[in-house]
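Engineer: Per the numbering used here, residue 1243 is the first one in the sequence shown, and the count goes up by one each step. Quick reminder that beta carbons are idealized off the backbone N, C-alpha and C, glycines included. Owing to the predicted nature of the structure, the values given are computational and were not obtained by experimental measurement.
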Amino acid sequence: MRMVLIGTTALAMLALGACKEKDKALETGTPVAGGAHAVATLRTAAGVDVGRVTASEVAGGLRFTIDAKGMPPGTHGAHVHTTGLCEGPDFASAGGHWNPTGMKHGSMNPQGPHEGDLPNLIIGTDGRGTLGITIPGATMAGLLDTDGSAMMVHAAADDLMTDPSGNSGARIACGVFGAS
1243 MRMVLIGTTA LAMLALGACK EKDKALETGT PVAGGAHAVA TLRTAAGVDV GRVTASEVAG
1303 GLRFTIDAKG MPPGTHGAHV HTTGLCEGPD FASAGGHWNP TGMKHGSMNP QGPHEGDLPN
1363 LIIGTDGRGT LGITIPGATM AGLLDTDGSA MMVHAAADDL MTDPSGNSGA RIACGVFGAS
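1. How would you write the range of the alpha helix (DSSP H) that G1199 sits in, first residue to last?
2. If we count the other Cβ atoms within 10 Å of its Cβ and call it buried at 16 or more, is D1359 buried or exposed?
3. So, helix, strand or coil for A1301, using DSSP?
4. Counting only runs that start and end within the segment 1303–1378, where is the beta strand (DSSP E) found for 3 or more residues in a row?
5. For L1386, I'd like the list of residues in its chain whose CB is within less than 7 Å of its CB, leaving aside the five on either flank, ordered along the chain.
6. Which residues share a DSSP beta bridge with V1281?
7. Can you give me the Cβ contacts of D1265 inside the same chain, cut-off strictly under 8 Å, excluding the 5 residues immediately before and after it?
8. Relative to the C-alpha of G1316, which candidate in I1414, L1304, G1369, V1274 has its C-alpha closest?
9. Count the other C-beta atoms from every protein chain shown that fall within 10 angstroms of the C-beta of A1380, then say buried if there are 16 or more, exposed otherwise.
See below:
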């Protein structure tokens, strides 16, 4: 009798585990098999390569991953901008933040955030930094629309609240997203 009970309990646990795995596949941020990717090479106004950004389709949104190198140490605002154009010296050609839903800037703003508002990018004393974030509701079609989009790194920290850009200062690195 005890062996039957143990066997039944084990089968029930396996079934629950399978249900949890199935539910997990539906969670926002879970990788999508065969999902699209877009890549942007970050460059300074002088054309120096300072990193790479990948946008990947995941369940319920897009996952952005930044791998920066050779950048000034400190905390920097990081945003997706509306236009896929990075003309120096100030990268104004990239337009404002990607904001298809018409929200205010910042994750700490009760009327925000913009879809392109990412957390601050922390660069260590070695000039390197990484950031990974999933933006729920974002789509590859929106990111790669007719005028494209760009990834921007700013000189200062984003206060995550002040509209339109979080007082994050000058644009110091920019990269245009392209399908990969």
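Structural biologist: In brief:
1. The requested residue 1199 is not part of the displayed model; the chain covers only 1243 to 1422.
2. Burial call: buried.
3. Here A1301 sits in coil by DSSP.
4. List check, beta strand (DSSP E) in window: 1303–1310, 1316–1318, 1320–1323, 1363–1365, 1371–1378.
5. Spatial neighbours of L1386 in its own chain (CB-CB distance under 7 Å, excluding positions within 5 residues in sequence) are listed in chain order as A1280, F1419, A1421.
6. Listed as beta-bridge partners of V1281 by DSSP are T1296, G1420.
7. With a pLDDT of 49 at D1265, under the threshold of 50, the predicted position of this residue should be treated as unreliable, and no value is reported.
8. The shortest C-alpha to C-alpha distance from G1316 to any of I1414, L1304, G1369, V1274 is the one to G1369.
9. With a 10 Å radius around the Cβ and a threshold of 16 neighbouring Cβ atoms, A1380 comes out buried.
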